[in-house]
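From first to last, the protein sequence lines stand for chains A and B. By this note's numbering, the letter at position 348 of the first sequence is numbered 348, and the numbering carries on one by one without gaps. By this note's numbering, the letter at position 404 of the second sequence is numbered 404, and the numbering carries on one by one without gaps. Cβ coordinates follow ideal geometry from the N, Cα and C atoms, glycine included. Before any comments, here is the structure.
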Amino acid sequence: MKRSIGLYVHIPFCQHKCSYCDFYSVVSLEAMERFTETIVKEIRLWAQQEQLDATVETIFWGGGTPSLLECTQAEQIASALRSVFSLAPSYEWTIEANPGTVTLEKLRYYRELGINRISFGVQSFDHRELEFLERIHSAQQAEEAVELARRAGFNNVNLDVIYALPGQDLETYQRTLERVCALAPEHISAYSLVYEHGTPLYRQLQRGAIIPLDEDQEAAFYSKTVEFLAQRGYRQYEVSNFARPGRQCRHNLLYWRRGQYVGFGPSAHSHVDNIRWSNVRSLRRYFDAIERGSLPIVAREHLTIEQQRAESIFLGLRADGIELDAFARAYGVWLDRGMLGDMITEWQQKGWACLDGRRLHLTSRGYALCDALTLQLLDALERAQSASGSFVDCNV
Amino acid sequence: MDHIRNFCIIAHIDHGKSTLADRLLERTGRVTARQMVTDQILDDNPLEQERGITIKLHAVQMDYTARNGRTYTLNLIDTPGHVDFSYEVSRSLAACEGALLVVDATQGVEAQTISNLYLAVDAGLEIIPVINKIDLPAAETMLESVIAQVIDLIGCKREEIILASAKAGIGVDDILEAVVARIPPPKGNPDAPLRALIYDSLYDPYRGVVVNVRIFDGTLREKDSVLFMATGQVYQVDEVGVLYMEQHRTGELSAGNVGYFTASIRRVRDTKVGDTVTHAQRPCSEPIAGFREVKPMVFSGIYPADSDDFEDLRDALEKLALNDAAIHYEPETSAALGFGFRCGFLGLLHMEIVQERLEREFGQTIVTTVPNVRYLVRRTDGTEQWVENPAQMPEPVKIAEILEPYIRAQIITPTEYLGPIMQLCIERRGTVLGQHYLTQTRVDLSVELPLAEVVFDFYDKLKSISRGYASLDYEYSDYKPGDLVKLDILLNGDPVDALSTIVHRQKAYEWGRRLCSKLKKLIPRHLFEVVIQAAIGSKIIARDSIAPLRKNVLAKCYGGDVTRKRKLLEKQKEGKKRMKQIGRVEVPQEAFLAVLRLGDES
């Protein structure tokens with residue numbers, strides 16, 4: 001049987017780096033043409049070396065700012081993908097776009113290429129907040145971009161929002177949520193601001209130039225998000241992701257369900273057959289490698305069974321849950337029995353988790369505590385295992 | 001014997017003792033300038049050099065040809081410069097006939113100088129006053145008053161005081177001449193039964209313990225069979241010699257002289273400072289007076305940060321004790337901290353030295369509990385019990401009385417700080433015994449204080465309120481009853497034995513409240529509420545709580561970069577591992593020293 005995979009393409013260019021972002025990109029656009037030629041080579045090189053017999057269920061073009069690509073450049077990359085991979089009939093193909101970079105013409109062209117989902121980094125509808133985040137677009141441009149996408153024929157739209165900014169109040173945030181919902185996107189990603197090491201925002205924090213919200217304030221913003229979006233028909237299916245029924249991002253679900261995917265472009269990550277690898281995080285070294293005829297891979301690890309198990313837990317808990325029977329078959333541990341079972345019962349009693357048939361998943365309140373719960377479960381697993389000497393309850 | 005002079009130097013920290021010693025060595029040709037790699041030769045322990053204090057004793061023999069044309073053998077015996085080691089000081093003074101009293105021309109007499117001087121006078125030593133650093137500009141205005149202080153202190157004549165600058169080499173010859181002329185030669189009979197005083201010993205990994213002795217009577221030779229009178233142990237002497245900068249084997253050592261011997265002794269502990277060495281076959285009738293068992297005064301639990309490292313810590317303590325006779329340790333178990341050791345120290349400095357050596361020399365990562373003193377508990381059933389660990393204090397109903405150790409402190413301070421210092425002493429339950437004006441602007445304050453009150457930050461407080469000018473010295477006095485209670489800390493109802501302290505009843509409420517609020521800041525939020533309580537017996541006297549976690553998740557999962565997320569989790573897991581588990585509550589290690597830092601908040 002053919003395996004199902006996802007494809008990720010990293011477009012490492014931005015007009016300007018946002019203050020919070022730590023994804024790999026460069027602000028000089030000169031190399032875009034060379035990049036297009038190179039990534040086409042990478043895709044062909046990879047297909048030649050790996051000969052993977054697979055059907056592509058999802059494609060995700062992320063960045064960076066993929067919408068900076070000229071139509072011809074986008075076309076070359078799309079053709080390369082289509083020439084080496086076979087696309088499933090019901091594929092999902094997402095492109096990330098900055099509202100300040102799109103035109104109706106470009107959006108129509110994306111649709112012609114077969115792209116059927118678009119994700120706009122809106123982040124906020126408050127102009128001071130947009131300035132703070134160093135976004136290049138205005139609130140109005142964001143609304144116009146969504147309008148254009150609809151006219152171009154996109155019926156699957158995601159909007160990204162960031163909340164819990166320093167000094168932000170719940171009223172301003174609610175206005176942003178209202179304007180987001182007024183645009184009726186199928187999907188909303190709402191992220192609590194993370195101060196990533198190495199970003200300008202992190203340095204401001206270190207200097208004491210900004211004061212982050214405290215845990216309780218952040219929790220209030222989170223609750224607001226969950227309640228507001230629930231009322232408008234968006235179901236939470238991951239810590240920061242909300243969708244109309246049937247409109248979850250299939251590509252992201254692939255990540256969270258430990259699915260298989262291949263990434264192209266600098267800093268892209270891949271996962272096939274319990275091997276994870278990543279490409280070099282430097283455009284220059286990326287060019288060098290491929291022009292020399294080799295893949296730009298810098299890190300490759302074969303996951304141990306313990307690492308696989310840990311992944312199943314932390315990814316499952318933060319997204320749509322852990323299938324208890326499948327988990328027991330894979331790792332020989334019943335999460336609903338013995339000491340672990342007592343813990344899961346306690347989670348349910350506290351309102352942090354639910355058992356949906358045989359699927360254990362967190363509730364909205366549980367998602368808010370996801371990292372603490374994950375550590376607790378991993379710790380309990382380790383202790384249950386050392387108590388029994390090896391994997392417990394192996395008679396699956 | 002007429003040509004031997006045994007002497008030591010008494011001085012406060014930084015008054016130039018080590019520099020003067022170096023200069024004497026240089027002048028007598030014992031070291032060349034080239035050998036003086038580090039400025040101060042006698043302090044050869046890096047910790048000592050860092051702190052500017054001498055911990056271990058050293059001695060060195062010099063030959064000096066005096067102006068009268070005769071050559072003398074001078075034994076300079078160094079003394080440790082800290083109150084924790086005052087017994088060792090008294091033993092090295094007993095090995096001498098004279099002492100140089102060194103006073104800084106810009107600082108004047110300090111508490112430590114006075115207490116050591118009294119020890120020297122009591123030991124009947126000839127005192128040669130030296131005022132050092134006279135070349136410093138500040139000496140011009142201070143010198144007359146310092147001279148007056150010294151005259152007042154020892155009742156000498158003005159012309160007996162030697163003005164010197166060790167750094168500039170001024171007065172060094174005068175000092176050497178005074179040593180020869182004023183300090184009496186040792187007395188003793190080389191043919192009498194052997195009587196030798198142990199004033200120091202150090203550990204040598206190849207030859208065992210090197211015992212430093214002063215011979216009062218008789219002659220010690222290699223292959224002699226010797227008896228240590230206090231311990232009753234007999235050893236055969238391997239090597240005998242005198243101490244130059246290094247050990248210099250001579251094969252024998254006679255009455256009046258100072259030197260060393262080795263006898264394949266395994267641990268420093270087997271050679272007690274102050275003990276008398278005599279011949280096993282022809283023992284002397286009376287040991288040298290003044291021997292005392294050194295008892296630890298301050299106790300603290302030392303635990304490995306990772307409970308798996310218990311055996312490593314045991315090995316490290318064993319090795320450390322090879323050349324630290326004063327440390328006591330025995331295994332103990334704490335519900336909070338697991339397996340560790342209860343350690344006894346001579347004082348706070350000694351405790352810090354041990355902790356630092358464990359970390360630096362032996363690479364241990366340790367958790368130490370709050371230091372405490374040793375209490376004497378009189379039970380209602382009439383029995384008595386020593387308590388070195390607050391967790392072992394009997395239940396309140398079984399206690400008739402608790403006694404605690406007191407010290408007699410001597411504080412010398414400029415008069416402007418007298419008020420705040422008296423206030424500090426009274427806050428710490430002290431009683432002022434008397435005050436004596438050394439000059440119009442300097443006062444010598446004598447205070448009796450419970451040792452437990454000095455164990456916490458007293459010295460730091462004293463230094464900060466006097467801007468560093470006050471100096472402190474103390475001696476242990478006796479045990480007195482106190483209205484003391486054991487204060488327990490409970491986390492969600494579980495007592496944390498390692499956080500129990502013994503406090504005065506009147507201070508218990510304030511102490512408990514502050515401890516709870518300090519712990520609230522140090523313990524992270526959990527998935528459940530954490531209640532912190534302070535209790536005396538079953539009575540809760542203070543309470544605080546840590547609200548449960550409300551949000552603990554990183555919003556982003558970094559797309560396909562699952563490895564990054566996994567590594568983040570692994571790091572968090574490591575962090576949790578370093579915490580100590582009390583019931584279900586995870587307590588960071590720094591919380592166990594929270595009591596020590598309570599002062600920061602007020």
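Alpha-carbon spacing of residue i relative to residue j, whole angstroms
i                : j                : result
TRP410 (chain A) : ASP306 (chain B) : In the structure as shown, chain A begins at 1 and stops at 396. Residue 410 (chain A) is therefore absent and cannot be evaluated.
GLY259 (chain A) : ILE5 (chain A)   : 7 Å
HIS15 (chain B)  : ILE210 (chain A) : 49 Å
GLU475 (chain B) : LYS223 (chain B) : 40 Å
GLY482 (chain B) : VAL367 (chain B) : 30 Å
GLN61 (chain B)  : GLN392 (chain B) : 50 Å
TRP386 (chain B) : PRO405 (chain B) : 12 Å
CYS21 (chain A)  : THR101 (chain A) : 18 Å
VAL392 (chain A) : ARG281 (chain A) : For VAL392 (chain A), the predicted structure reports a pLDDT of 45, less than 50, and the residue's modelled location is therefore unreliable. A value from the coordinates is still provided. Roughly 41 Å separates the two Cα atoms.
LEU7 (chain A)   : GLN168 (chain A) : 37 Å
ASP478 (chain B) : LEU194 (chain B) : 35 Å
LEU455 (chain B) : THR441 (chain B) : Here the sequence assigns Val to residue 455 (chain B), which means Leu is not the residue at that position. The alpha-carbon atoms of VAL455 (chain B) and THR441 (chain B) are separated by roughly 29 Å.
ILE9 (chain B)   : PRO137 (chain B) : 24 Å
GLY62 (chain A)  : ALA88 (chain A)  : 20 Å
GLU178 (chain A) : VAL161 (chain A) : 12 Å
LEU445 (chain B) : LEU101 (chain B) : 21 Å
GLU134 (chain A) : LEU68 (chain A)  : 17 Å
VAL37 (chain B)  : ASP22 (chain B)  : With a pLDDT of only 41 at VAL37 (chain B), under 50, the local geometry of the prediction cannot be trusted, and the value read off the model is given with reservation. Computed Cα separation, rounded: 11 Å.
VAL9 (chain A)   : PHE60 (chain A)  : 6 Å
GLU332 (chain B) : GLN410 (chain B) : 36 Å
DSSP bridge partner residues for residue i (one or two, in chain order)
i                : result
ARG249 (chain B) : B:GLY241
GLN606 (chain B) : Shown here, chain B extends from 1 to 602; a query on residue 606 (chain B) therefore has no answer.
TRP277 (chain A) : A:SER270, A:ARG300
ARG408 (chain B) : B:GLU448, B:GLU475
LEU340 (chain A) : According to DSSP, which records beta bridges pairwise, LEU340 (chain A) is partnered with nothing at all.
TRP61 (chain A)  : A:VAL9, A:ILE95
HIS15 (chain B)  : Per DSSP, none; premise fails for HIS15 (chain B).
SER201 (chain B) : B:VAL211
SER254 (chain B) : B:THR219
Close beta carbons around residue i, own chain, < 6 Å, minus the five adjacent residues each side
i                : result
TRP347 (chain A) : ALA353
VAL485 (chain B) : ARG505, ALA508, ILE536
ARG27 (chain B)  : VAL172
GLY583 (chain B) : ASN492, ASP494
Cβ-based burial, residue i [other Cβ within 10 Å; buried from 16]
i                : result
VAL150 (chain B) : buried
ILE77 (chain B)  : buried
ASP84 (chain B)  : buried
GLN141 (chain A) : buried
GLU330 (chain B) : exposed
GLN123 (chain A) : buried
ARG67 (chain B)  : exposed
ASN389 (chain B) : buried
Contacting residues, own chain, Cβ-Cβ under 7 Å from residue i (five flanking each side not counted)
i                : result
ALA219 (chain A) : ALA368
ARG578 (chain B) : ALA305, GLN589
VAL84 (chain A)  : ILE43, ARG44, ALA47
TRP277 (chain A) : SER270, ILE297, ALA299, ARG300
ALA591 (chain B) : LEU519, LEU522, ILE523
Sequence-distant residues of the same chain with beta carbon closer than 8 Å to residue i, five excluded per side
i                : result
ALA192 (chain B) : ASP217, GLY218, ALA255, CYS284
ARG235 (chain A) : PHE242, ALA243, ARG244, PRO245
GLU395 (chain B) : GLY537
Chain-ordered chain E contacts of residue i [CB-CB under 9 Å]
i                : result
GLN376 (chain A) : The structure shown has no chain E; the protein chains it does contain are A and B.
Checklist entry - Are the region 257 to 266 of chain A and the region 522 to 539 of chain B touching, with three or more C-beta to C-beta distances below 8 Å? => result no
Checklist entry - Is the number of C-beta pairs between the region 500 to 512 of chain B and the region 561 to 572 of chain B that are closer than 8 Å three or more? => result no
Checklist entry - Contact between the region 479 to 497 of chain B and the region 533 to 543 of chain B: three or more CB pairs below 8 Å? => result yes
Next on the checklist: Tell me whether the region 86 to 101 of chain B and the region 189 to 209 of chain B touch, counting them as touching only if at least three CB pairs, one residue from each stretch, are closer than 8 Å.
Outcome noted: yes
Item to check | Cβ contact check for the region 136 to 147 of chain A and the region 199 to 206 of chain A: 3 or more pairs under 8 Å | outcome: no
Checklist entry - Is it true that the region 125 to 135 of chain B meets the region 161 to 172 of chain B, where meeting means three or more beta-carbon pairs spaced less than 8 Å apart? => result yes
Checklist entry - Would the region 290 to 304 of chain B and the region 368 to 382 of chain B be scored as touching if the rule is three or more Cβ pairs under 8 Å? => result yes
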